[in-house]
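Notes follow once the structure below has been shown.
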Amino acid sequence: QQQVKQSPQSLIVQKGGISIINCAYENTAFDYFPWYQQFPGKGPALLIAIRPDVSEKKEGRFTISFNKSAKQFSLHIMDSQPGDSATYFCAASYSGSARQLTFGSGTQLTVLP
Amino acid sequence: DTAVSQTPKYLVTQMGNDKSIKCEQNLGHDTMYWYKQDSKKFLKIMFSYNNKELIINETVPNRFSPKSPDKAHLNLHINSLELGDSAVYFCASSPPTGGVGKLFFGSGTQLSVL
Numbered sequence: 001q002q003q004v005k006q007s008p009q010s011l012i013v014q015k016g017g018i019s020i021i022n023c024a025y026e027n028t029a030f031d032y033f034p035w036y037q038q039f040p041g042k043g044p045a046l047l048i049a050i051r052p053d054v055s056e057k058k059e060g061r062f063t064i065s066f067n068k069s070a071k072q073f074s075l076h077i078m079d080s081q082p083g084d085s086a087t088y089f090c091a092a093s094y095s096g097s098a099r100q101l102t103f104g105s106g107t108q109l110t111v112l113p
Numbered sequence: 001d002t003a004v005s006q007t008p009k010y011l012v013t014q015m016g017n018d019k020s021i022k023c024e025q026n027l028g029h030d031t032m033y034w035y036k037q038d039s040k041k042f043l044k045i046m047f048s049y050n051n052k053e054l055i056i057n058e059t060v061p062n063r064f065s066p067k068s069p070d071k072a073h074l075n076l077h078i079n080s081l082e083l084g085d086s087a088v089y090f091c092a093s094s095p096p097t098g099g100v101g102k103l104f105f106g107s108g109t110q111l112s113v114l
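For the record, the sequence lines run as chains H and A.
For the first sequence, the numbering used here begins at 1 and goes up steadily by one.
For the second sequence, the numbering used here begins at 1 and goes up steadily by one.
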């Protein structure tokens, strides 16, 4: 049972454009929603995270939008750059899970120069 | 000054062999993990150790055995390797406070079973 559904599987954006990746979750007990960025040959690295008490969090060009009632959250990358080309994973966790993150299936983002 | 380091980076071996992957973290974290990433990039947790004690053991064949000699090290031993074990294995660690979702990953070990 996939608890966090991520789309699209792949995304191609022109330099300067907006990249949008969407995730939906099922478990209403989730209370922490991080996004991880993975470059080829590297491990995933925490990019930005949000808790459900806020609807948006922004860090530089990266913004998470969170819709608690719809059980959805999304990552927006403004002014996308070729250096943003990577695989992005959404994830979710809850306090009672003994430190267990549930990851989405990943989105391979390609930003064309 | 690598935070989470794992060795080897690449591991190519024959079916049926036994191999080990080592992991060390110098972040002072108390929880360490092994994740498996398949060819479709899907990340799945395998094991989690907290202060050398096993706290998560997902449905993983018992050919996989983690060992944590101290809270800075978590090794993974795999017996009787099979073709389906080919994947990238990531070690990770997390701090004792600040959110259960903050994982620090190593660079991965690409295992190829021939």
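Note that CB positions come from ideal geometry on N, CA and C, so glycine has one too.
{"Query": "Which complete alpha helix (DSSP H) runs does the region 73–110 of chain H hold, if anything under 4 residues is left out?", "Result": "none"}
{"Query": "On the DSSP bridge list, what partners appear for Pro34 of chain H?", "Result": "H:Ala49"}
{"Query": "So Ser5 of chain A and Glu24 of chain A are in contact, right, with Cβ under 8 Å, and what is the actual spacing, rounded?", "Result": "5 Å"}
{"Query": "How about Ser85 of chain H and Val54 of chain H: are their beta carbons less than 7 Å apart?", "Result": "no"}
{"Query": "With C-beta atoms as the reference, is Phe73 of chain H less than 7 Å away from Cys23 of chain H?", "Result": "yes"}
{"Query": "Grab the span of the beta strand (DSSP E) containing Met46 of chain A for me, first residue to last.", "Result": "43–50"}
{"Query": "Measure the alpha-carbon distance for Leu46 of chain H versus Asn51 of chain A and round it to whole angstroms.", "Result": "23 Å"}
{"Query": "So, is Gly96 of chain H buried or exposed, given that buried needs 16 or more other C-beta atoms within 10 angstroms?", "Result": "With a pLDDT of only 47 at Gly96 of chain H, under the threshold of 50, the placement of this residue in the model should not be trusted, and no figure is reported."}
{"Query": "Could you check where the beta strand (DSSP E) with His73 of chain A kicks off and where it finishes?", "Result": "73–78"}
{"Query": "How would you label Asn75 of chain A, buried or exposed, when you count the other beta carbons within 10 angstroms and need 16 or more for buried?", "Result": "buried"}
{"Query": "Distance, Cα to Cα, Ala3 of chain A vs His73 of chain A?", "Result": "12 Å"}
{"Query": "Helix, strand or coil for Leu114 of chain A, going by three-state DSSP, please let me know.", "Result": "coil"}
{"Query": "By DSSP, does Leu11 of chain H sit in helix, in strand, or in coil?", "Result": "strand"}
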